[in-house]
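A.B. asks:
There are 2 protein chains.
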Amino acid sequence: MSAYKAPLRDMQFVLKELLDCDAHYASLASPEPLTPDLLDAVLDNVSKFAEEVLDPINRSGDEEGCTWSAEGVATPAGFKEAYQQYVEGGWPGLAASPEFGGQGLPASISFFMDEMVGTANWSWSMYPGLSKASVELLSEQGTDQQKNTYLPRLIEGSWTGTMCLTEPHAGSDVGIIKTKAEPNADGSYSITGTKIFISAGEHDMSENIIHMVLARVPGAPEGTKGISLFIVPKFLVNDDGSLGERNGVHCGSIEHKMGIKASATALLNFDSARGYLIGVENEGLNQMFIMMNAARVGTAMQGLCMAEAGLQKSVDYARERLQMRSLTGPKNPDGPADRIIVHPDVRRMLLTQKAFVEGNRAFLYWLIMQVDKETYGNEEQKKEADVAMALLTPIAKAFVTETGLEAANLALQCYGGHGYIREHGVEQIVRDGRIATVYEGTTGIQALDLIGRKVLGTGGESLRGFTRVLHKYCEQHKDNPEMAGMIGRLAELNKEWGELTMEIGAGAMKNADEVGAASVDYLMYSGYVLLAWFWAQMAQLAQRKLAAGEGDANFYTAKVQTARFYYERILPRTLAHAAAMRAGAESTMAISEENMYLG
Amino acid sequence: MSAYKAPLRDMQFVLKELLDCDAHYASLASPEPLTPDLLDAVLDNVSKFAEEVLDPINRSGDEEGCTWSAEGVATPAGFKEAYQQYVEGGWPGLAASPEFGGQGLPASISFFMDEMVGTANWSWSMYPGLSKASVELLSEQGTDQQKNTYLPRLIEGSWTGTMCLTEPHAGSDVGIIKTKAEPNADGSYSITGTKIFISAGEHDMSENIIHMVLARVPGAPEGTKGISLFIVPKFLVNDDGSLGERNGVHCGSIEHKMGIKASATALLNFDSARGYLIGVENEGLNQMFIMMNAARVGTAMQGLCMAEAGLQKSVDYARERLQMRSLTGPKNPDGPADRIIVHPDVRRMLLTQKAFVEGNRAFLYWLIMQVDKETYGNEEQKKEADVAMALLTPIAKAFVTETGLEAANLALQCYGGHGYIREHGVEQIVRDGRIATVYEGTTGIQALDLIGRKVLGTGGESLRGFTRVLHKYCEQHKDNPEMAGMIGRLAELNKEWGELTMEIGAGAMKNADEVGAASVDYLMYSGYVLLAWFWAQMAQLAQRKLAAGEGDANFYTAKVQTARFYYERILPRTLAHAAAMRAGAESTMAISEENMYLG
Chain A
1 MSAYKAPLRD MQFVLKELLD CDAHYASLAS PEPLTPDLLD AVLDNVSKFA EEVLDPINRS
61 GDEEGCTWSA EGVATPAGFK EAYQQYVEGG WPGLAASPEF GGQGLPASIS FFMDEMVGTA
121 NWSWSMYPGL SKASVELLSE QGTDQQKNTY LPRLIEGSWT GTMCLTEPHA GSDVGIIKTK
181 AEPNADGSYS ITGTKIFISA GEHDMSENII HMVLARVPGA PEGTKGISLF IVPKFLVNDD
241 GSLGERNGVH CGSIEHKMGI KASATALLNF DSARGYLIGV ENEGLNQMFI MMNAARVGTA
301 MQGLCMAEAG LQKSVDYARE RLQMRSLTGP KNPDGPADRI IVHPDVRRML LTQKAFVEGN
361 RAFLYWLIMQ VDKETYGNEE QKKEADVAMA LLTPIAKAFV TETGLEAANL ALQCYGGHGY
421 IREHGVEQIV RDGRIATVYE GTTGIQALDL IGRKVLGTGG ESLRGFTRVL HKYCEQHKDN
481 PEMAGMIGRL AELNKEWGEL TMEIGAGAMK NADEVGAASV DYLMYSGYVL LAWFWAQMAQ
541 LAQRKLAAGE GDANFYTAKV QTARFYYERI LPRTLAHAAA MRAGAESTMA ISEENMYLG
Chain B
600 MSAYKAPLRD MQFVLKELLD CDAHYASLAS PEPLTPDLLD AVLDNVSKFA EEVLDPINRS
660 GDEEGCTWSA EGVATPAGFK EAYQQYVEGG WPGLAASPEF GGQGLPASIS FFMDEMVGTA
720 NWSWSMYPGL SKASVELLSE QGTDQQKNTY LPRLIEGSWT GTMCLTEPHA GSDVGIIKTK
780 AEPNADGSYS ITGTKIFISA GEHDMSENII HMVLARVPGA PEGTKGISLF IVPKFLVNDD
840 GSLGERNGVH CGSIEHKMGI KASATALLNF DSARGYLIGV ENEGLNQMFI MMNAARVGTA
900 MQGLCMAEAG LQKSVDYARE RLQMRSLTGP KNPDGPADRI IVHPDVRRML LTQKAFVEGN
960 RAFLYWLIMQ VDKETYGNEE QKKEADVAMA LLTPIAKAFV TETGLEAANL ALQCYGGHGY
1020 IREHGVEQIV RDGRIATVYE GTTGIQALDL IGRKVLGTGG ESLRGFTRVL HKYCEQHKDN
1080 PEMAGMIGRL AELNKEWGEL TMEIGAGAMK NADEVGAASV DYLMYSGYVL LAWFWAQMAQ
1140 LAQRKLAAGE GDANFYTAKV QTARFYYERI LPRTLAHAAA MRAGAESTMA ISEENMYLG
């Protein structure tokens, strides 16, 4: 089984060369500046932690899984120790507020860390991942007293956090949750109900677990406008900060899942558990959604992680495995067969993975820098970043995970039968990754958010703002002869993107179902166009470096070649998505519910 | 967890109405005629066996898996007993020769049985499935003495068979196998070597296991021309037919796999095991490949099985699960939310599955009837069937399993997070089904076989024969106003199919890698066109029935609507495949091997 090696070369290319992160970080008013040296040091240290500590317990974690007992949940061998090392390294607090013990760096640094940690061991990454989300929520929404009570311990990592939204009957439709919050005389609330699918909901890594829980107070309005947000610690916290009595929240079971088996997915029973209101009653969903964009980009990262993991393995395998002769004559005449990397269809599978990995990395890193700007940018930066994040986050979440899953499946396919057995670890990537298009909002939910709320909900304005950026890019570079093919195609697609939006919008005036019927095709189309923009930028940059004779010519040559592969072999999928959208909703809606299956 | 219900209504539609199976069976010279009554009785009885015996042990089989010990392999609870029932029902011998105890029916009957058995429990279906393949091989290639020794027990099911091709270093590339066969003085051979991935290679269901083993005799030519085929029984057989001493073949381990965990995938060590040559030395691969088409259609069936299994579950779930309101206003105003089947994107996912299930069923059943014609047809039928099988089998194997896997993943997606946990059984479908695009020749191998051997290898003649059939169909029906849209599109695609073939052929003259680079896009394109032909035929038939007021109007209406969905929402994928093919091989081949990954 080939070991994970952090792709620092490509990460640095995207950060330093494509996105000029040094200038970006210098422009931010973060409490601590992320200097080039510090960035390099963090990436370097995290890469070692991912490669040396997390990767070696990835497969064993999958095989052992988590173990439930009435006393709690035991994580697989090595998980607790790895978490301890992570805490000792000070990693949980990289981007958290110095006021509560954090290092005050821009948020993006923790996403780059997440990429390496998540590629090496996604299951493990769920524990600090959910905790980070709870820190962000409390930092944004908590009272001073709440922050003082919980943040220092969450930020140092001795406690961890969770997000408790889903109930058995309420998944995408969080508006229908039933968990109750009855006010107590002392200002706290008594929380009663059942939450499911709670990642890191119970485990043995930290001294306390702080649950962020959505529930309804008595008399709350129905639906999403009647939901409040509560802090429910596993152990109550005494005034001096020490742990008090066990609260009434218990893990009833953990799920048996297709993958991410080392991530404990808990069913939590709240039985008059003591909870503390965050903000005001009935504003819980808005409070929770303020940080949803960042969480969704975090989940999008899983798409990149699984694609990177599969690419590394399948390229290694394709270089070693001898099977069949090249169609153009033996390439390894002294061996019994040629290395399978010579076969065109194996190359197609590898290049498809490479095109998604590197294209999606550029897209996500760019998007993550918008998170920095939202937090520490000037007013103009904030405004731009808000618009970009709103529009592009659902695309990132759905497109990067869908294409990541495709890439992971291609990695398995490169192995043939050897990919289906556990030995090489590639089937685990597919099983672990399969959840990514589902949780944190399914692809369908993201698609509705994109076309419904973000695009049509702004009368198309947010998209127009963005297509103008692409248009300007195409105008600037259309006379570059090296880029003519790509820029021409990008300009056409950018124009069609706007046209398709208008057509769907017009259809929606007559029939709202036109929006839903087109939504996933629209999202995927949008994703392919976005990646075409990033690939054009990378190809252009690489060509400039090659022309100037700067840097590693192999690296830049591969970039240009992969860009071309993307444009020629992958981007044509926009044709299919556009035609499917333009067919309209009728064939999707015509069949009656009773006739949907007549086997 | 919803239980499997055999889709007899749709199976009967395809068999009786679309393919006129009564006339088909009446035209065959099978030892026993498959009368309409007998067909119905078999389908009915098998459906009960699949629903009542096999489906209930599908999930438990996955959870328990197979257990290896030095003494042998134990199958999960209930598997042995189910196999006993299958044997007692006389099912193993349905299509086998009456001379050796079979029932002498046309082969297709056993494929329809396979669909139901395989949808209910694919792991279990592997044991009789491999045995059937060994019966076919021995029936075709064995001496009278070999047939008399093995066939009666294999056909009654008290013994089972296997196919032993793969070795650790030799998968797709069977030409480089190393297993040795040294001649003994008595005319038998001593077989020594290691075979891996042997389905049903060791288990506790039958008294003996008869391995069909590829090996090389001393001095054999290198490569595929130096491979011979041997019978290697687990227990040697005495002259009176009783079991003799244990032969030198032992199961060293079984694989730990992503899915089909109840199917024992054995590593077999042959240590001077006694083997008996089938036919003549060095002709083994041809002998084995004679029956490869039928085996590949059998594996294609897994694509249909997983899609049917997922469709049944996800439609049930979509009818029950209440989540969100319809975009066009509440459809279930008295409930807390609408059933998710009202949402356009859920309908898109269900209809995509339905279009693949029913389209692929029509395609496979039609193809399976060609198997009948090859065996029991007149000379003209045989010739036609041979050509059709050669051309279409690789498409069936790869296209039906690829689209089956897509369908299974959409079924999981319909469940949201509930699809990722074991409870509903839908994640098992994805895990079990993932092997189908890999074994019995990967998608890439099928695609090379199609475009290289079958199409370009015949100078395009086999494809021209087939596109003429489609052309004639389009000419016949182009004036039917109800069908105008579909027939027009089908005619265009049929024409383009020929053009693309010519273009790839012309490119291949200059560079053989053009074939490999286009191969999978070509295969998928071909599959979509084929399914368009079957959907046009089904729509046309259904419209005729509706116009005549015959039969179940709901069923026919749904057929017409699903056909339209297929044409409008799925068939546009041909645009992407055609454009990707036309881009040529350069962007696939340009990147150097060293530069394939630069992370």
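Chain order of the listed sequences is A and B.
Once you know that position 92 of the first sequence is 92 in the working numbering, the rest is easy, because the numbers rise by one and skip nothing.
So the working numbering is basically just the index in the second sequence, starting at one, shifted up by 599.
Glycine included, C-beta positions come from ideal geometry on N, C-alpha and C.
1) Shortest alpha-carbon distance to B:Thr759 belongs to which of B:Val1159, B:Ser733, B:Glu919?
2) Go through the stretch 513-551 of chain A residue by residue and report every complete run of the alpha helix (DSSP H) that reaches 4 residues or more, in order.
3) To the nearest angstrom, report how far apart A:Pro128 and A:Arg59 are at their CA atoms.
4) Would you mind telling me which residues of chain A sit closer than 8 Å to B:Gln1012, beta carbon to beta carbon, in chain order?
5) Which runs of the alpha helix (DSSP H) at least 4 residues long sit entirely within the stretch 675-711 of chain B? Give them in chain order.
6) Please report the distance separating the alpha-carbon of B:Thr823 from that of B:Ala814.
7) Below 8 Å between beta carbons: does that hold for B:Val1119 and A:Gly419?
8) Counting only the same chain and skipping the five closest in sequence on each side, list residues whose C-beta sits under 6 Å from that of B:Pro675.
9) Using only CA atoms, which one of A:Pro168, A:Val42, A:Asn148 lies nearest to A:Pro106?
10) Can you look up B:Pro727 in the DSSP assignment and give me helix, strand or coil?
11) For the stretch 1168-1183 of chain B, which residues have a CB atom closer than 7 Å to at least one CB atom of chain A, in sequence order?
12) Taking only three categories from DSSP, how would you classify B:Met804?
13) List the whole-angstrom C-beta distance separating A:Gly606 from A:Gly507, where the pair is believed to meet the contact cut-off of C-beta under 8 Å.
14) Regarding A:Leu350 and the ligand GDP, is the C-beta to nearest heavy atom distance less than 7 Å?
15) Might you give, ordered along the chain, the residues of its own chain that have their beta carbon closer than 7 Å to the beta carbon of B:Lys1053, omitting 5 neighbours on each side?
16) By how many angstroms is the C-alpha of A:Ser272 removed from the C-alpha of A:Leu304?
17) How many whole angstroms separate the CB atoms of B:Ala1010 and B:Val999, which I take to be in contact at a CB cut-off of 8 Å?
18) In whole angstroms, give me the CA-to-CA distance for A:Leu19 and A:Tyr365.
19) Just the C-alpha distance for A:Ala396 and B:Ala719, rounded to the nearest angstrom, thanks.
20) Just to make sure I have the definition right: I need the residues of chain A whose C-beta is within less than 9 Å of the C-beta of B:His855. Which are they?
21) Does any C-beta atom of chain B lie closer than 8 Å to the C-beta of A:Thr166?
22) Counting only runs that start and end within the stretch 281-315 of chain A, where is the alpha helix (DSSP H) found for 4 or more residues in a row?
23) Could you pull out every residue in the same chain whose Cβ sits closer than 8 Å to the Cβ of A:Leu243, ignoring the five residues on either side in sequence?
24) At a CB-CB cut-off below 7 Å, which residues of chain A make contact with B:Ile940?
25) Under a CB-based cut-off of 8 Å, is B:Met1101 close to chain A?
26) Determine the extent of the beta strand (DSSP E) in which B:Asn977 is found, giving its start and end residues.
27) Where A:Thr328 and A:Asn360 are concerned, what is the direct C-alpha to C-alpha distance, given to the nearest angstrom?
28) Around the Cβ of B:Asn931, are there at least 16 other Cβ atoms within 10 angstroms (buried) or fewer (exposed)?
29) Classify A:Ile570 as buried or exposed, calling it buried when 16 or more other Cβ atoms lie within 10 Å of its own Cβ.
30) On the DSSP bridge assignment, give the partners of A:Lys195 in chain order.
31) Once DSSP output is grouped into helix, strand and coil, what is the label at A:Ala337?
32) Would you grab the beta carbon distance between A:Ile191 and A:Gly78 for me? Rounded to a whole angstrom, and I think it's under 8 Å.
33) Helix, strand or coil for B:Cys1073 per DSSP?
34) Buried or exposed: A:Gly604, going by 16 or more other Cβ atoms within 10 Å of its Cβ?
35) Answer with buried or exposed for A:Ile155, where buried requires no fewer than 16 other C-beta atoms within 10 angstroms of its C-beta.
36) In chain order, what are the residue ranges of uninterrupted alpha helix (DSSP H) at least 4 long that sit wholly in the stretch 131-170 of chain A?
C.D. replies: Checking against the coordinates, here is how it stands:
1) For the purposes of this step, residue 759 of chain B is identified with residue 160 of the second sequence, where counting begins at 1. Comparing Cα positions, the closest option is B:Ser733.
2) 513-548
3) Numbered from 1 along the first sequence, position 128 holds the residue referred to as residue 128 of chain A. Numbered from 1 along the first sequence, position 59 holds the residue referred to as residue 59 of chain A. If I take the Cα positions, the gap works out to 19 Å.
4) Here residue 1012 of chain B refers to the residue found at position 413 when the second sequence is read from its first residue. Residues of chain A passing the Cβ test: Thr437, Val438, Thr442, Thr443, Gly444.
5) 678-687
6) Along the second sequence, read from residue 1 onward, the residue named residue 823 of chain B stands at position 224. Along the second sequence, read from residue 1 onward, the residue named residue 814 of chain B stands at position 215. Going by the C-alpha atoms only, they are around 11 Å apart.
7) Position 520 of the second sequence holds residue 1119 of chain B. Position 419 of the first sequence holds residue 419 of chain A. No, the pair does not count as a contact, with Cβ atoms beyond the cut-off.
8) Here residue 675 of chain B refers to the residue found at position 76 when the second sequence is read from its first residue. Closer than 6 Å at the Cβ level, and outside the excluded window around B:Pro675, lie Gly660, Glu663, Ala861.
9) Stepping through the first sequence from its first residue, residue 106 of chain A is reached at position 106. If we check each option's Cα against that of A:Pro106, A:Val42 comes out closest.
10) Within the second sequence, numbered from 1, the residue matching residue 727 of chain B stands at position 128. The answer is helix: DSSP assigns B:Pro727 an H, G or I state.
11) Arg1168, Pro1171, Arg1172, Leu1174, Ala1175, Ala1178, Ala1179, Ala1182
12) For the purposes of this step, residue 804 of chain B is taken as the residue at position 205 of the second sequence. DSSP places B:Met804 in coil when its eight states are reduced to three.
13) The structure shown has nothing for residue 606 of chain A, since chain A only spans 1 to 599.
14) This structure lacks the ligand GDP; in fact it carries no ligand of any kind.
15) If you number the second sequence from 1, residue 1053 of chain B lands on position 454. Excluding positions up to five away in sequence, the list reads Ala989, Leu990, Pro993, Ser1061.
16) By 1-based counting over the first sequence, the position of residue 304 of chain A is 304. By 1-based counting over the first sequence, the position of residue 272 of chain A is 272. Between A:Leu304 and A:Ser272, the C-alpha separation is close to 41 Å.
17) On the second sequence, position 411 is the one that residue 1010 of chain B refers to. On the second sequence, position 400 is the one that residue 999 of chain B refers to. With 8 Å as the limit, B:Ala1010 and B:Val999 do not qualify as a contact, their Cβ atoms being about 16 Å apart.
18) Against the first sequence, residue 19 of chain A aligns to sequence position 19. Against the first sequence, residue 365 of chain A aligns to sequence position 365. About 8 Å.
19) Counted from its first residue, the first sequence places residue 396 of chain A at position 396. Counted from its first residue, the second sequence places residue 719 of chain B at position 120. Cα-Cα distance, rounded: 37 Å.
20) Within the second sequence, the letter at position 256 stands for residue 855 of chain B. Within 9 Å Cβ-Cβ: Glu63, Ile421, Arg422, Glu423.
21) Counting from 1 along the first sequence, the entry for residue 166 of chain A is found at position 166. Closer than 8 Å: yes.
22) 284-290
23) Translated into positions along the first sequence, residue 243 of chain A becomes position 243. Once the five neighbours on either side are set aside, the close Cβ partners of A:Leu243 are Glu207, Asn208, Phe235, Leu236, Val237.
24) Position 341 of the second sequence, counting from 1, holds the residue named residue 940 of chain B. Those are Glu593, Met596, listed as they occur along chain A.
25) Residue 1101 of chain B sits at position 502 when you count from the first residue of the second sequence. No, because no Cβ of chain A sits closer than 8 Å to the Cβ of B:Met1101.
26) For this step, residue 977 of chain B is matched to residue 378 along the second sequence. No beta strand (DSSP E) contains B:Asn977, which DSSP labels as neither H nor E.
27) Against the first sequence, residue 328 of chain A aligns to sequence position 328. Against the first sequence, residue 360 of chain A aligns to sequence position 360. In a straight line, the C-alpha of A:Thr328 is about 33 Å away from that of A:Asn360.
28) As a working note, residue 931 of chain B is residue 332 in the second sequence. With fewer than 16 other Cβ atoms within 10 Å, it is exposed.
29) The residue you call residue 570 of chain A lines up with position 570 of the first sequence. Per the 10 Å Cβ criterion, buried.
30) Mapped onto the first sequence, residue 195 of chain A falls at position 195. A:Lys195 is bridged to A:Leu268.
31) Position 337 of the first sequence, counted from the first residue, corresponds to residue 337 of chain A. Looking at A:Ala337 - three-state DSSP - the assignment turns out to be coil, as it is neither helix nor strand.
32) The residue labelled residue 191 of chain A in the question sits at position 191 within the first sequence. The residue labelled residue 78 of chain A in the question sits at position 78 within the first sequence. About 34 Å; that fails the 8 Å criterion.
33) Translated into positions along the second sequence, residue 1073 of chain B becomes position 474. In this structure, B:Cys1073 counts as helix in the three-state DSSP scheme.
34) Outside the shown range of chain A (1 to 599) lies residue 604 of chain A, about which nothing can therefore be said.
35) Indexing the first sequence from 1 puts residue 155 of chain A at position 155. The residue in question, A:Ile155, is buried, as its Cβ has 16 or more Cβ neighbours within 10 Å.
36) 144-156
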